[in-house]
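Enquirer: When the letters of the sequence shown are read in order and numbered with mature numbering (1 follows the signal peptide of the UniProt record, and there is no 0), they come out as residues -16 to -1, 1 to 240. One structure, as structure tokens, below. Some questions next.
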Amino acid sequence: MKILVLLSLSFAVALGMPASPPGVPQSPDMPKEEQSPLLGDSVPVQGHVEVENPAPQARLSSTEQQEKLAAVDVKQSKSPLEAQPEVKVEEAGPEFMAEEDRPVFDEQTEGAGRRFLPNPERKELSYCTGVVFEEKCYQFFREPRRFADAEFFCQNQFIGGHLASITSPRIHRDVMDLMQTTIGTQTRTWVGGLRFLDTGRFVWLDGSFWDYSDWLYREPNNTANKEECLEVLGNGKFNDFTCWEPQAFICSYPHE
């Protein structure tokens, strides 16, 4: 009898059933919540979750559903490139300017270095306001300048400009006529002749060959060893003179 009771208790534990004396059946009319559940009933089905008393879901109308779907489509259709920041294109710097748009610069030397300065005055003239002979324009300026300042003015004002060279009797005569026409008289005027070092010889600053001269009597004499520059006197004669004296001057530059 003891063996039967022990077996009954073992089966009850294994099956999750409450132990009851042998011969006493479990009432079928016992409420379900009071009955001992089986092991299989306490394990939910894998992958399925049951929600007790779910809240009622509001049903969207057909118009609201269409608007919601349209908003989703627009959001998905946006390209990721639209979120990238706008790239600004900078204007080209001076290094990309066209050649004709670049300003003209003059080169100046100071000691061992060089600097370049804008020169708004320098421009190539389309016509000669003086006289043209032998493919050069000769132009007279009455404003007094020292020899070096006059030469710098000619270089700065005209492409290939220098103080004028007088290389033939014809050019000499035409230069004197230009002076007479411009100011109504003939006066002491700087031209582009300069004494070459200590040789006593003169050269033209524009590189023309020196093969003509019309010196005043007993000139050049280089008084006190200070007369290094060439002037044309009112009578047309050549004379060496001190370079720091301000005088009128004549420029010449290539012209075709």
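For glycine and all other residues, C-beta sits at the position ideal for the given N, C-alpha and C.
Ignore the nearest five residues each way along the sequence and tell me which others in A215's own chain have a CB closer than 6 Å to its CB.
Expert: Position 231 of the sequence shown holds residue 215. This sequence places Glu at residue 215; Ala is not what is there. Closer than 6 Å at the Cβ level, and outside the excluded window around E215, lie R172, W174, N223 and F225.
Enquirer: From D158 to N209, what distance separates their C-alpha atoms?
Expert: Looking up residue 158 in the sequence shown gives position 174. Looking up residue 209 in the sequence shown gives position 225. Answer to the nearest angstrom: the Cα atoms are 31 Å apart.
Enquirer: Hey, how far is the Cα of K120 from the Cα of Q231?
Expert: The residue given as residue 120 occupies position 136 in the sequence shown. The residue given as residue 231 occupies position 247 in the sequence shown. Approximately 22 Å, taken between the alpha carbons.
Enquirer: If we count the other Cβ atoms within 10 Å of its Cβ and call it buried at 16 or more, is Q139 buried or exposed?
Expert: The residue you call residue 139 lines up with position 155 of the sequence shown. Buried is the call here.
Enquirer: Using a Cβ-Cβ cut-off of 7 Å (strictly less than) and excluding sequence neighbours within five positions of P128, which residues of its own chain qualify?
Expert: Here residue 128 refers to the residue found at position 144 of the sequence shown. Hits under 7 Å: P230, Q231 and A232.
Enquirer: Rounding to the nearest angstrom, what Cα-Cα distance links L147 and R202 in this structure?
Expert: Translated into the one-based positions of the sequence shown, residue 147 becomes position 163. Translated into the one-based positions of the sequence shown, residue 202 becomes position 218. Straight-line Cα distance between these residues: approximately 24 Å.
Enquirer: Can you tell me whether residue 308 is buried or exposed, with buried defined as 16 or more other CB within 10 angstroms of its CB?
Expert: The question about residue 308 has no answer, for the chain in this structure spans -16 to 240.
Enquirer: Starting from the N-terminal side, write out each stretch of the beta strand (DSSP E) that is 3 residues or longer and does not extend beyond the segment 125 to 194.
Expert: Listed in chain order, the complete beta strand (DSSP E) runs (minimum 3 residues) inside the segment 125 to 194 are 173 to 179 and 186 to 188.
Enquirer: According to DSSP, which residues form a beta bridge with P238?
Expert: Against the sequence shown, residue 238 aligns to sequence position 254. Note: P238 sits in a beta bridge opposite K120.
Enquirer: Put T226 into one of helix, strand or coil per three-state DSSP.
Expert: The sequence position of residue 226 within the sequence shown is 242, counting from 1. Reduced to three states, the DSSP call for T226 is strand.
Enquirer: To the nearest angstrom, report how far apart C112 and T183 are at their CA atoms.
Expert: The residue given as residue 112 occupies position 128 in the sequence shown. The residue given as residue 183 occupies position 199 in the sequence shown. Their backbone Cα atoms lie some 36 Å apart in a straight line.
Enquirer: For T166, which residues from the same chain have a beta carbon less than 6 Å from its beta carbon, with the 5 sequence-adjacent residues on both sides left out?
Expert: In the sequence shown, counting from the first residue as 1, residue 166 sits at position 182. F124.
Enquirer: In chain order, what residues of the same chain have a beta carbon less than 8 Å from the beta carbon of F180, not counting five sequence neighbours either side?
Expert: Counting from one through the sequence shown, the residue named residue 180 turns up at place 196. F186 and V187.
Enquirer: If you draw a straight line from the alpha carbon of residue 242 to that of N206, how long is it in whole angstroms?
Expert: The question about residue 242 has no answer here: the residues shown for the chain are numbered -16 through 240.
Enquirer: Output yes or no for whether 8 Å exceeds the beta carbon distance between D190 and S236.
Expert: On the sequence shown, residue 190 is found 206 positions in, with the first residue counted as 1. On the sequence shown, residue 236 is found 252 positions in, with the first residue counted as 1. The answer is yes: Cβ separation under 8 Å.
Enquirer: Give me, in chain order, the residues of the same chain whose beta-carbon lies closer than 6 Å to that of G145; leave out the 5 immediate sequence neighbours on both sides.
Expert: The residue given as residue 145 occupies position 161 in the sequence shown. Counting only Cβ-Cβ distances below 6 Å, and skipping sequence neighbours, we find C138, Q139, C235 and Y237.
Enquirer: Distance check for G218 and S197, CA to CA, integer angstroms please.
Expert: Along the sequence shown, read from residue 1 onward, the residue named residue 197 stands at position 213. Along the sequence shown, read from residue 1 onward, the residue named residue 218 stands at position 234. C-alpha separation (whole angstroms): 16 Å.
Enquirer: Which one or two residues does DSSP pair with A232 in a beta bridge?
Expert: The residue you call residue 232 lines up with position 248 of the sequence shown. A232 pairs with T173.
Enquirer: Distance, Cα to Cα, residue 281 vs P153?
Expert: Nothing can be reported for residue 281: it is not among the residues displayed for the chain, which extend from -16 to 240.
Enquirer: Between F136, G177 and D161, which has its C-alpha nearest W199's C-alpha?
Expert: For the purposes of this step, residue 199 is identified with residue 215 of the sequence shown, where counting begins at 1. Checking every option, the nearest Cα to that of W199 belongs to G177.
Enquirer: Measuring only the C-alpha atoms, how far is E118 from S149?
Expert: Walking along the sequence shown from the start, residue 118 turns up at place 134. Walking along the sequence shown from the start, residue 149 turns up at place 165. The alpha-carbon atoms of E118 and S149 are separated by roughly 12 Å.
Enquirer: Rounded to whole angstroms, what is the Cα-Cα separation between F100 and C213?
Expert: Counting from 1 along the sequence shown, the entry for residue 100 is found at position 116. Counting from 1 along the sequence shown, the entry for residue 213 is found at position 229. Legend: pLDDT at F100 = 34, less than 50; position of this residue unreliable, value from coordinates given subsequently. Each residue's alpha carbon lies about 29 Å from the other.
Enquirer: Going by alpha carbons, who is nearest to H156 out of D133, E240 and Y122?
Expert: Position 172 of the sequence shown, counted from the first residue, corresponds to residue 156. Considering only alpha carbons, the answer is Y122.
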